[in-house]
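Participant:
Chains as they are written, first to last, in the working numbering: chain A, 189 to 287; chain B, 103 to 266.
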């Protein structure tokens, strides 16, 4: 299979994640869709890395996975904190971030 | 993924409906972005229109990405990539990746490790039980608390200043 197929799959995965981020309101689903977008970008990074026979893209994909893990950790911690305070778990209700 | 499963089990999986139905009607004083969300979650022509708009935006993004990726002038995209020779230190093997991570990308590796540490500490701080088991203990009101809405995750709440 040529590299273009991998890029097409990554574009499809990224668009699915973008649609989820645009339309959903539950922060859990939002985080999952963000993960989907990051994984789409990772797939194209790996494909381009294979295309040039260069390992930089793979390292960047690993770093992106690390950052995604951190983001999910903080996001899920926030969701648990919200749930503890009986606040609505809904991104529209939580748009005011000023403390 | 395991973390997701745990949090879904903790919070419960039906917030999407519960938040939509439980939000209740709002006064006209709360016009703003949340109205769009209300319409998006509700039913009716506006909600379906907004959902359709989101789907159309996603489809447009997909078409644009596919045009950019598949209609590119890069000839290598149509090929099978660089020539590959298997071996113990060939492209993509764990030895290759580890060598790159510990030599050329050592700084990125270390920064990522610190980021993981900070995220772990932050997750513990965010998800810990505040103010012990008794929820009403030490609920003394500071003057600043009156000006600030509850549950906004400020520093004083983080250290247990005013906990509900």
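For each residue, glycine too, the CB sits at the ideal point set by N, CA and C.
On a predicted model such as this, the values are computed, not experimentally measured, just so you know.
Compile a chain-ordered list of the residues in the stretch 226–244 of chain A whose CB is closer than 7 Å to at least one CB of chain B.
Facilitator: 238, 239, 240, 241 and 243
Participant: Does the count of Cβ pairs from the stretch 194–213 of chain B and the stretch 234–250 of chain A closer than 8 Å reach three?
Facilitator: A contact exists between the stretch 194–213 of chain B and the stretch 234–250 of chain A.
Participant: To which residues of the same chain is residue 221/A closer than 6 Å at the C-beta, ignoring the five residues directly before and after it?
Facilitator: 205, 208 and 209
Participant: Within the 8 Å Cβ cut-off, does residue 197/A reach chain B?
Facilitator: no
Participant: Go through its chain and collect everything with a Cβ distance to residue 231/A's Cβ below 7 Å, but skip five positions before and after it.
Facilitator: 194, 197, 198 and 201
Participant: What number of angstroms, rounded off, separates the C-alpha of residue 281/A from the C-alpha of residue 212/A?
Facilitator: 13 Å
Participant: Taking residue 216/B as the query, report the chain A residues whose CB atoms sit under 9 Å from its CB, ordered along the chain.
Facilitator: Proximity of chain A to residue 216/B at the Cβ level (cut-off 9 Å) is not reached, the minimal Cβ distance being about 10 Å.
Participant: Using three-state DSSP, classify residue 190/A as helix, strand or coil.
Facilitator: In this structure, DSSP gives residue 190/A a state outside helix and strand, which the three-state scheme calls coil.
Participant: Whose C-alpha, out of 266/A, 189/A and 256/A, is nearest the C-alpha of residue 229/A?
Facilitator: 256/A
Participant: Do residue 105/B and residue 264/A count as a contact pair if the criterion is CB distance below 8 Å?
Facilitator: yes
Participant: Out of 192/A, 236/A and 260/A, which one is the CA nearest neighbour of residue 103/B?
Facilitator: 260/A
Participant: Run through DSSP, which three-state label would residue 261/B get?
Facilitator: coil
Participant: Regarding residue 181/B and the ligand NAP, is the C-beta to nearest heavy atom distance less than 7 Å?
Facilitator: You won't find the ligand NAP in this model; it holds no ligand whatsoever.
Participant: Check whether the Cβ atoms of residue 238/A and residue 183/B sit closer than 8 Å, and answer yes or no.
Facilitator: Result yes, Cβ atoms of residue 238/A and residue 183/B sit closer than 8 Å.
Participant: To the nearest angstrom, how far is the alpha carbon of residue 149/B from that of residue 225/B?
Facilitator: 35 Å
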